[in-house]
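669 is the number that our numbering gives the last residue of the sequence shown; the numbers go up by one with no jumps.
Ideal placement from N, C-alpha and C gives every residue a C-beta, glycine not left out.
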Amino acid sequence: MTALVIGIDGGGSKTTALVADAQGQAIVEVAGAPSAVRSGGVDASADAIVALVRAALAQAGRDETPQVVCAGVAGTGRESLRLELWEALTARGIADEVVVHTDVAVAFEDAFPHGPGILLLAGTGSVALGRGPTGVTARCGGWGADFGDEGGGAWT
């Protein structure tokens, strides 16, 4: 069997896992419980991601450990929370290698891999990320409902 990679899109409303082979060919996509990170809630986020990874592997009919799980998760904009989630996922042994980024960073690199651009995500929360022609980046929002998230679904 060929090695597996899993991409995670972790948000405040749901989490999606895409299982692919090492060449990037999609095998199965599965949605599950929210996994956005909140302060003090890293273990709950990690548990939701692990459960979804297991469900996705079962649906794909595969029982091996994935080579890589790359998780783009809302709420990991603070480095301390991103590292906590990485540690929690690594400790749970869900893959040979675990990578954790913000959800907006993953979406931005998909949309603008080689140049300038501006990306606005407005789901449960909201964030904007931009990169200029010189490579300088700037972010606005993405701090969670406690600090704003104007325009997101949780905005009150």
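Please identify the residue among G645, G638, E592 whose C-alpha is closest to the C-alpha of P547.
It is G638.
Quick one: any contact between the region 581 to 592 and the region 609 to 617, if contact means 3 or more CB pairs under 8 Å?
Enough Cβ pairs lie closer than 8 Å, so yes.
Inter-residue Cα distance where the pair is G648 and A620
Answer to the nearest angstrom: the Cα atoms are 17 Å apart.
For R595, collect the residues of the same chain with a Cβ closer than 6 Å to its Cβ; drop the 5 residues on either side in sequence, then sort them by chain order.
Correct list, in chain order: T589, V613.
What is the residue span of the alpha helix (DSSP H) that D556 lies within?
Here the alpha helix (DSSP H) through D556 covers 555 to 573.
Roughly how many angstroms lie between the CA atoms of G606 and I519, to the nearest whole one?
Each residue's alpha carbon lies about 14 Å from the other.
S639 - DSSP class collapsed to helix/strand/coil:
Strand at S639.
Could you spell out the range, first to last residue, of the beta strand (DSSP E) harbouring V649?
Where V649 is concerned, there is no enclosing beta strand (DSSP E), given that its DSSP letter is neither H nor E.
Quick check on DSSP: helix, strand or coil for T603?
It is helical.
I need the straight-line Cα distance from D609 to L517, nearest angstrom please.
Their backbone Cα atoms lie some 10 Å apart in a straight line.
8 Å Cβ shell around T515 - same chain, five flanking residues per side excluded:
Excluding residues within five positions, the ones whose Cβ falls inside 8 Å are D534, A535, Q536.
Let me know the secondary structure DSSP gives D623 once reduced to three states.
In this structure, D623 counts as helix in the three-state DSSP scheme.
Let me see if you follow: with CB-CB separation under 7 Å, is G524 close to chain B or not?
In the displayed structure, chain B is absent; only one protein chain is listed.
Do A561 and A530 have their C-beta atoms within less than 7 Å of each other?
Cβ atoms of A561 and A530: not closer than 7 Å.
Rounded C-alpha distance that separates A557 from R652
When rounded, the distance between both Cα atoms is 26 Å.
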